[in-house]
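Here is the structure we will look at, set down as structure tokens.
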Amino acid sequence: MANYENIMDANSRRTPSERRELAKKAGKASGRARRRKADFRKTLSMLLTAEIDNEDWKPVLESLGVECTLESALLMAQIKEAMNGNTKAAYFVAQYAGQSDQTVADDEEQKIRTDRAKRARDQEVGNDDNQDENIKNFLDAMRPTQEEMDDLFGSENEGEDDAEETEEAGEI
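Just so you know, the sequence shown maps onto residues 27 to 198 in our numbering.
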């Protein structure tokens, strides 16, 4: 059966020098893949910014005041397809126009998860940089301002004032 336990057992049986050699090979392969991806992005960027002389697209792009590049022609073609009812093209245009379906709540949730992971890592490593901030926040919570106290206990005090007013009115 092929599962994680088989791989884990195989790695635990290797000597440190064997693991080091495998890690070295993996690192080199990772570097090659990273360079290949970077070269691909650079080549794609060069190709997309190349000027075009297409009789169909050049007049349209020039009339819109847009550079006549392959990139703008591709985007214009996607917009045209979206206008013809192609939903995938419409999704593509919306996505690259910054109209993502990711909400602000999703972004905040991601930030919270990232902060939690960072704090957990810092605790594990023993990083005390955030310790002072945590202590300060705790002490601030222990010394609330008068405004915070009024907000917290305001409704209880209002009832006491009414009782005192009733008592005073009875004395008259």
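C-beta atoms are modelled at their ideal positions from N, C-alpha and C, and glycine is treated no differently. Remember, it's a predicted structure, so these values are computed and weren't measured experimentally.
Legend entry - Distance, Thr41 Cα to Ala49 Cα: Roughly 12 Å between the two C-alpha positions.
Inset, instruction - Could you tell me the distance, in whole angstroms, from the CA atom of Asn163 to the CA atom of Asp133? - result: Those two C-alpha atoms are separated by around 24 Å.
Legend entry - Length of the line joining the Cα atoms of Gln172 and Asp166: Approximately 13 Å between the Cα atoms of the pair.
Inset, instruction - Could you check the C-alpha separation between Trp83 and Arg67 for me, to the nearest Å? - result: Rounded to whole angstroms, Trp83 to Arg67 spans 25 Å at the Cα level.
Inset, instruction - Measuring alpha carbon to alpha carbon, tell me which of Ile105, Glu135, Asn110, Glu150 ends up nearest Gln121. - result: Looking at Ile105, Glu135, Asn110, Glu150, the one whose alpha-carbon comes closest to that of Gln121 is Ile105.
Legend entry - Backbone secondary structure at Thr206 - three-state DSSP: Outside the displayed span of the chain (27 to 198) sits residue 206, for which this structure offers no information.
Legend entry - DSSP beta-bridge partners of Thr95: Per DSSP, Glu77.
Legend entry - C-alpha distance - Ala115 paired with Asn160, whole-angstrom precision: Distance between the alpha carbons of Ala115 and Asn160 is about 48 Å.
Inset, instruction - Could you please give the first and the last residue of the uninterrupted alpha helix (DSSP H) stretch that includes Thr41? - result: It is not in any alpha helix (DSSP H) - Thr41 carries neither H nor E in the DSSP assignment.
Inset, instruction - Would you kindly work out how many angstroms separate the C-alpha atoms of Asp65 and Gly57, rounded to a whole number? - result: Straight through space, the alpha carbons of Gly57 and Asp65 are spaced by roughly 12 Å.
Inset, instruction - With DSSP as the reference, label Pro170 as helix, strand or coil. - result: Residue state, collapsed to three classes: coil.
Inset, instruction - To the nearest angstrom, report how far apart Arg147 and Val130 are at their CA atoms. - result: Take the alpha-carbon of Arg147 and the one of Val130: they are about 26 Å apart.
Inset, instruction - Note down the Cα distance separating Thr75 from Val119, rounded to an integer number of angstroms. - result: Computed Cα separation, rounded: 18 Å.
Legend entry - Cβ-based neighbour list, Arg142, same chain, cut-off 8 Å, excluding 5 preceding and 5 following: Excluding residues within five positions, none has a Cβ falling inside 8 Å.
Inset, instruction - Under 8 Å by Cβ, that's how I've got Cys94 and Glu77 pegged, so tell me the actual separation to the nearest angstrom. - result: The pair is a contact, with the Cβ atoms about 6 Å apart (cut-off 8 Å).
Legend entry - Asp148, enclosing alpha helix (DSSP H) - first and last residue: 130-151 is the extent of the alpha helix (DSSP H) around Asp148.
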